[in-house]
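Engineer:
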Amino acid sequence: MWKEFDSSYAGFTTDGAEWLVKNIDIKLIGLDYLAVATYDDAIPAHLVFLDAREIVLVDGVKLDHVQPGIYSLHCLPLRLPKADGSPARCILYVSYCFSDVVSPLL
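What the sequence shown shows, in the UniProt record's numbering, is residues 1 to 106, in sequence order.
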């Protein structure tokens, strides 16, 4: 019934996270899996993003049907006092799409 967990998923290593923070003015990282970091480097890489400056991490974003283009992503997190994370509704607005057909996000 359940699939075996695959720990070989793609993610940031600590070195990769440090490079991104130092070299790119990034505000948000959205990913389509459950963690921003690799399985073997999960906590240290995650902390690089959180400690360096305020970078929002959004896990589980489904972008399978989104065409390449320029978008504005708005994330509306559920306010949970004293929590360090929460579920969020993410809305993707099309600024410019490189395709004639834009598929819905959900």
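A virtual CB, placed ideally from N, CA and C, is assigned to each residue, including glycine.
Does the Cβ-Cβ distance between residue 61 and residue 31 come in under 8 Å?
Structural biologist: Working through the sequence shown from its first residue, we reach residue 61 at position 61. Working through the sequence shown from its first residue, we reach residue 31 at position 31. Yes, Cβ-Cβ distance for residue 61 and residue 31 is below 8 Å.
Engineer: Could you give the first and the last residue of the continuous beta strand (DSSP E) run that contains residue 56?
Structural biologist: Within the sequence shown, the letter at position 56 stands for residue 56. Segment 56 to 58, the beta strand (DSSP E) holding residue 56.
Engineer: What separation, rounded to the nearest whole angstrom, lies between the Cα atoms of residue 50 and residue 96?
Structural biologist: Start at 1 with the first residue of the sequence shown, and residue 50 comes out as number 50. Start at 1 with the first residue of the sequence shown, and residue 96 comes out as number 96. Rounded to whole angstroms, residue 50 to residue 96 spans 30 Å at the Cα level.
Engineer: CB-CB under 6 Å to residue 93, same chain, minus the five flanking residues each way: which ones, in chain order?
Structural biologist: As a working mapping, residue 93 is identified with position 93 in the sequence shown. Excluding sequence neighbours, residue 93 sits near 72.
Engineer: Please classify residue 52: is it buried, with 16 or more other beta-carbons within 10 angstroms of its beta-carbon, or exposed?
Structural biologist: Sequence index remark: in the sequence shown, residue 52 carries index 52 (1-based). It is exposed - the Cβ of residue 52 has fewer than 16 other Cβ atoms within 10 Å.
Engineer: To the nearest angstrom, how far is the alpha carbon of residue 74 from that of residue 3?
Structural biologist: The residue you call residue 74 lines up with position 74 of the sequence shown. The residue you call residue 3 lines up with position 3 of the sequence shown. Using only the alpha carbons, I get a separation of about 32 Å.
Engineer: Quick check: what's the CA-CA separation for residue 43 versus residue 69?
Structural biologist: Stepping through the sequence shown from its first residue, residue 43 is reached at position 43. Stepping through the sequence shown from its first residue, residue 69 is reached at position 69. C-alpha separation (whole angstroms): 32 Å.
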